[in-house]
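The numbers in the sequence shown follow the numbering used here, run straight up by one, and end at 109.
Note that the Cβ used here is the ideal one computed from N, Cα and C, for glycine as well.
I have placed the structure first, in the form of structure tokens, so that the comments after it can refer back to it.
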Amino acid sequence: MQREKKTEIITLRVTPRTKGRIQTKAQELKLTVTDYLCLCGLGKKIVRVEGLDKVLSELKAQGRNLNQLTTLANMGKITVVYGDRLAEGYAKISEQLRRLIQEVS
């Protein structure tokens with residue numbers, strides 16, 4: 005999905021204390037100040053889930069492994085891939101992510 009190009013500027017004046025608080029809140033949520041202010045200004049609920057970056061990293065690693073296995077199978081270098089085990093593992097992860105999304109929604 006391609007992001008829309010940001011071309012418009014909004015300028016506002018705040019006290020140094022308010023600026024610091026905004027920057028701190030954005031850092032706590034690991035957002036840029038721009039993204040934080042846009043989400044707040046549009047009334048979006050901001051939810052930060054600790055540890056999710058580790059889950060996503062693991063999913064990416066498993067995806068790379070699956071891609072390598074598929075490539076080797078297509079090349080004929082391996083003939084036995086326990087696809088049912090892979091599918092079960094992904095199903096468990098998908099279910100956990102689905103529950104997490106339900107909790108924060």
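Beta-carbon proximity list for residue i, same chain, < 8 Å, skipping 5 on both sides
| i | result |
| --- | --- |
| residue 35 | 43 and 50 |
| residue 94 | 66 |
Buried or exposed (CB count within 10 angstroms, at least 16 for buried), residue i
| i | result |
| --- | --- |
| residue 30 | buried |
| residue 40 | buried |
For residue i, the nearest candidate out of the options (CA to CA)
| i | options | result |
| --- | --- | --- |
| residue 82 | 72, 89 and 91 | 72 |
| residue 24 | 37, 12 and 14 | 37 |
Beta-carbon proximity of residue i to residue j, cut-off 9 Å
| i | j | result |
| --- | --- | --- |
| residue 63 | residue 97 | yes |
| residue 16 | residue 53 | no |
| residue 101 | residue 59 | yes |
Same chain only: Cβ atoms within 7 Å of residue i, ignoring 5 sequence neighbours per side
| i | result |
| --- | --- |
| residue 90 | 70 |
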